[in-house]
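Peer 1:
There are 2 protein chains.
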Amino acid sequence: MLDKSNKATTRERGLLAKTAFMRSLSPNALATLLDSAQIMSLAARASIFREGENAQAFYCLLTGYVRLYRMGKDGRQADFRICGPGDVFAECLIPQDARYPYSAQAAENICLAKLDCREVRLLAERDATVANALIATLSEHLRATTEVLVNDRLHTAPQRVADYLLERCPVDAGSASIRLPFQKNLLAGMLGLAPEALSRAFSALRRAGVSVRGRVIQISDVKALREI
Amino acid sequence: MLDKSNKATTRERGLLAKTAFMRSLSPNALATLLDSAQIMSLAARASIFREGENAQAFYCLLTGYVRLYRMGKDGRQADFRICGPGDVFAECLIPQDARYPYSAQAAENICLAKLDCREVRLLAERDATVANALIATLSEHLRATTEVLVNDRLHTAPQRVADYLLERCPVDAGSASIRLPFQKNLLAGMLGLAPEALSRAFSALRRAGVSVRGRVIQISDVKALREI
DNA sequence: AGGCCCGATTGACATCGATCAATTCGGGCC
DNA sequence: GGCCCGAATTGATCGATGTCAATCGGGCCT
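First to last, the sequence lines map onto chains U and Z. Per my numbering, the first sequence starts with residue 1, numbered consecutively. Per my numbering, the second sequence starts with residue 1001, numbered consecutively.
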């Protein structure tokens, strides 16, 4: 479990700068953040932070995937967001939230940048581009989370799987082929399903022209899938 | 269905100014917003805006309750947030979201203030207190929505009802009495339940010392309820 | 190439919650 | 205080999904 924490290399600075969160920052703010970023690598399954820990960092994922989840009293855990390359998470920007309200775990080997949220907060006060980026990021997360919540309440498992697939199909394709960027395990969690239920949802979609081989998913009739 | 749209009276300005969103604004920004606010009253069940409509307003609720919901293809609708007095909703702050991604409906007779989100956006660029207020509001909404999502996935109906009750009990009380601020209908929606399921959840909680009479709920043993 | 191991699938079952229908309740109004 | 309508409860049933257990399969390592 490599856990060295380094300054960003040129390559990493490039990756970070292309991120949705950093793309629109003023050159000044961007430089400040890049300079203070700590780059770290973590092995699959490593914990990034846990529910209740002191929240002073703010993360930007460079490569790999991360699970954000909460645990119930009985020990079961529920994912509510899966972060991929370029995503920002744990935006603890209001001073009040001193503790992380959830846990974060590397779903595979990852590389991420750690920022100090106090610093970001102060920067946002002086530089409107930072404040704007925060607002845009939060808005987007809120939209996405709301979407997930509504989907859970409105759609069955096969419908949610179909939605997921359709979101990454070219809009006007007749057929399509998709390669999942991670294990089905993760996909199940992000759809709020047990792995078994995901499997069954895929079988249910066979009749709609969806065939699965490992991580590769063939969709013979995109339009038909939309009707599910 | 009264739908007049007026300048804010002194009383309404006072209410608005005490709102979580406006409380921390600079005097300048506060005055600007209060001056441009349109106050309107709507009858129960009136639509405030609908999914897909042009999003140019930003609302702050003064009195009553509002349902935010989305509709599925089959016409069923799912609430994802219930707004009460002082709440802000439809924060369409990034220029990109030109359309409301959901619908809003008055759950009872309400009084609300309508702001221009373009104006708020511009104000946020110049005044850091506005940007800060937006960040705080969005953070809080994100936290709350995440909480709901996780609760849905982790807890059964009686547990979610118990959670709701416990959140509005004095922390250290042995017993408590709560008066619901709205119809059970609304509560069901906000917990993601059919009204029948809410009823059944309440009966299930009888064994834990919860008794219901109309809108009044008696909890004989708060600590016991926590164990559910 | 073979074997191993973890992830994925399948089956059987239990449980939860939605739905539909039939009462009952409660609160607002006269 | 009584009436009446909409809201809430209760019952019966069904479908969806979680859970546990067994098996299968693919990828990876040697």
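Even glycine gets a Cβ: it sits at the ideal position worked out from N, Cα and C. What you are looking at is a predicted structure, and each value in this text was computed from that prediction instead of being measured.
1. Contact between the region 1109-1122 of chain Z and the region 1045-1059 of chain Z: three or more CB pairs below 8 Å?
2. Keeping to the same chain, check which residues put their C-beta closer than 8 Å to that of residue 97(U); ignore five residues upstream and five downstream.
3. Name the residue from 1087(Z), 1028(Z) and 1177(Z) whose alpha carbon lies nearest to the alpha carbon of residue 1219(Z).
4. Would residue 150(U) pass as an interface residue toward chain Z - the criterion being a Cβ-Cβ separation below 8 Å?
5. Check each candidate in 1078(Z), 1227(Z) and 1021(Z) and name the one with the smallest Cα separation from residue 1166(Z).
6. Between residue 48(U) and chain Z, is there a C-beta pair that is closer than 8 Å?
7. Spatial neighbours of residue 168(U) within its chain, please: CB distance less than 7 Å, with the 5 preceding and 5 following residues excluded, ordered by chain position.
8. Can you tell me whether residue 91(U) is buried or exposed, with buried defined as 16 or more other CB within 10 angstroms of its CB?
9. For the candidate residues 1037(Z), 1106(Z) and 1141(Z), whose alpha-carbon lies nearest to that of residue 1049(Z)?
10. Run through the DSSP bridge pairs and tell me what residue 1116(Z) is partnered with.
11. If we count the other Cβ atoms within 10 Å of its Cβ and call it buried at 16 or more, is residue 215(U) buried or exposed?
12. May I ask which residues mark the beginning and end of the alpha helix (DSSP H) holding residue 1035(Z)?
13. Is there a Cβ from chain U that is less than 8 Å from the Cβ of residue 1072(Z)?
14. Select from 1025(Z), 1031(Z) and 1069(Z) the residue whose C-alpha is nearest the C-alpha of residue 148(U).
15. Quick one: does residue 213(U) have its CB under 8 Å from some CB of chain Z?
16. Let's test the definition: count the other Cβ atoms within 10 Å of the Cβ of residue 139(U) and tell me whether it reaches 16, buried, or not, exposed.
17. Can you confirm whether residue 182(U), when its beta carbon is compared against all beta carbons of chain Z, has any partner nearer than 8 Å?
18. Would you tell me roughly how many angstroms separate the C-alpha atoms of residue 1007(Z) and residue 1047(Z), rounded to the nearest one?
19. Going straight from the alpha carbon of residue 123(U) to that of residue 1141(Z), what length do you get?
20. Are the beta-carbon atoms belonging to residue 1150(Z) and residue 80(U) less than 8 Å from one another?
21. From the DSSP output, in three-state form, read off residue 152(U) for me.
22. From residue 948(Z) to residue 1158(Z), what distance separates their C-alpha atoms?
23. In the structure shown, what three-state DSSP assignment does residue 1172(Z) receive?
24. Any C-beta of chain U within less than 9 Å: which residues of the region 1096-1110 of chain Z qualify?
25. Rounded to a whole number of angstroms, what is the C-alpha to C-alpha distance between residue 186(U) and residue 1224(Z)?
26. Where DSSP assigns a beta bridge to residue 6(U), which residues make up the other side?
27. Distance cutoff 8 Å, beta carbons only. Does residue 1145(Z) sit that close to anything in chain U?
28. Please return the same chain residues whose Cβ sits closer than 8 Å to the Cβ of residue 1028(Z), not counting the five positions on each side in sequence.
29. In chain order, what residues of the same chain have a beta carbon less than 8 Å from the beta carbon of residue 1024(Z), not counting five sequence neighbours either side?
30. Could you compute how far the alpha carbon of residue 1077(Z) sits from the alpha carbon of residue 154(U)?
31. For a test of the three-state rule: what should DSSP assign to residue 1044(Z), helix, strand or coil?
32. Enumerate in chain order the residues of its own chain whose CB-to-CB distance from residue 199(U) is below 6 Å, with the five nearest sequence positions on each side excluded.
33. From the DSSP output, which residues share a beta bridge with residue 1083(Z)?
34. Is residue 1082(Z) close to chain U? Criterion is C-beta to C-beta, closer than 8 Å.
35. For residue 175(U), which residues from the same chain have a beta carbon less than 7 Å from its beta carbon, with the 5 sequence-adjacent residues on both sides left out?
36. Using CA atoms only, rank isn't needed, just tell me which of 213(U), 32(U) and 194(U) is closest to residue 117(U).
Peer 2: Quick look at the numbers:
1. yes
2. In the first sequence, the residue the question calls residue 97(U) occupies position 97. Within the same chain, residue 97(U) has close Cβ partners 55.
3. Along the second sequence, one-based indexing puts residue 1219(Z) at 219. Of 1087(Z), 1028(Z) and 1177(Z), the residue nearest in Cα terms is 1177(Z).
4. Translated into the one-based positions of the first sequence, residue 150(U) becomes position 150. So, interface residue.
5. Along the second sequence, one-based indexing puts residue 1166(Z) at 166. Per the Cα distances, 1227(Z).
6. For the purposes of this step, residue 48(U) is identified with residue 48 of the first sequence, where counting begins at 1. Chain Z contact via Cβ: absent.
7. What you label residue 168(U) is simply residue 168 of the first sequence in a count that begins at 1. Around residue 168(U): 178.
8. Residue 91(U) sits at position 91 when you count from the first residue of the first sequence. With 16 or more other Cβ atoms within 10 Å, it is buried.
9. The residue labelled residue 1049(Z) in the question sits at position 49 within the second sequence. Minimum Cα distance to residue 1049(Z) is reached at 1106(Z).
10. Taking the first residue of the second sequence as 1, we reach residue 1116(Z) at position 116. Answer is 1057(Z), bridged to residue 1116(Z).
11. Residue mapping note: residue 215(U) aligns to position 215 of the first sequence, counting from 1. Exposed, by the Cβ-count rule.
12. For this step, residue 1035(Z) is matched to residue 35 along the second sequence. First-last of the alpha helix (DSSP H) with residue 1035(Z): 1027-1036.
13. The sequence position of residue 1072(Z) within the second sequence is 72, counting from 1. Yes, residue 1072(Z) counts as interfacial toward chain U.
14. Residue 148(U) sits at position 148 when you count from the first residue of the first sequence. The candidate whose alpha carbon is nearest that of residue 148(U) is 1069(Z).
15. What you label residue 213(U) is simply residue 213 of the first sequence in a count that begins at 1. Chain Z contact via Cβ: absent.
16. Stepping through the first sequence from its first residue, residue 139(U) is reached at position 139. By the neighbour-count rule (16 or more Cβ atoms within 10 Å), residue 139(U) is buried.
17. Numbered from 1 along the first sequence, position 182 holds the residue referred to as residue 182(U). With 8 Å as the cut-off, residue 182(U) does not count as an interface residue toward chain Z.
18. Here residue 1007(Z) refers to the residue found at position 7 of the second sequence. Here residue 1047(Z) refers to the residue found at position 47 of the second sequence. About 21 Å.
19. As a position in the first sequence, residue 123(U) is number 123, starting the count at 1. As a position in the second sequence, residue 1141(Z) is number 141, starting the count at 1. About 23 Å.
20. Locating residue 1150(Z) in the second sequence gives position 150, counting from the first residue. Locating residue 80(U) in the first sequence gives position 80, counting from the first residue. Their beta carbons are under 8 Å apart, which means residue 1150(Z) touches residue 80(U) by this criterion.
21. Start at 1 with the first residue of the first sequence, and residue 152(U) comes out as number 152. Note: residue 152(U) maps to helix in three-state DSSP.
22. Outside the displayed span of chain Z (1001 to 1228) sits residue 948(Z), for which this structure offers no information.
23. As a first step, residue 1172(Z) must be located in the second sequence, where it is residue number 172. Coil.
24. 1096, 1097, 1101 and 1102
25. Residue numbering aside, residue 186(U) sits at position 186 when the first sequence is read from its first letter. Residue numbering aside, residue 1224(Z) sits at position 224 when the second sequence is read from its first letter. So the alpha carbons of these two residues sit roughly 36 Å apart.
26. Residue numbering aside, residue 6(U) sits at position 6 when the first sequence is read from its first letter. Residue 6(U) pairs with 39(U).
27. Here the question's residue 1145(Z) lines up with position 145 in the second sequence. By this cut-off, residue 1145(Z) is an interface position.
28. Counting from one through the second sequence, the residue named residue 1028(Z) turns up at place 28. Correct list, in chain order: 1127.
29. As a first step, residue 1024(Z) is located in the second sequence; it is residue number 24 there, counting from the start. If we look at residue 1024(Z) and ignore the five residues flanking it on each side, its Cβ neighbours are 1129, 1132, 1133 and 1136.
30. Here the question's residue 1077(Z) lines up with position 77 in the second sequence. Here the question's residue 154(U) lines up with position 154 in the first sequence. If you take the alpha carbons of residue 1077(Z) and residue 154(U), they lie about 7 Å apart.
31. Taking the first residue of the second sequence as position 1, residue 1044(Z) is located at position 44. Three-state result, residue 1044(Z): coil.
32. Position 199 of the first sequence, counted from the first residue, corresponds to residue 199(U). Counting only Cβ-Cβ distances below 6 Å, and skipping sequence neighbours, we find nothing.
33. Along the second sequence, read from residue 1 onward, the residue named residue 1083(Z) stands at position 83. Per DSSP, 1066(Z).
34. Translated into positions along the second sequence, residue 1082(Z) becomes position 82. False, the Cβ-Cβ gap to chain U never drops below 8 Å.
35. One-based indexing of the first sequence puts residue 175(U) at position 175. Correct list, in chain order: 219, 220, 221 and 222.
36. To locate residue 117(U), count along the first sequence from 1; it is residue 117. Checked all of 213(U), 32(U) and 194(U); the closest Cα to residue 117(U) is 32(U).
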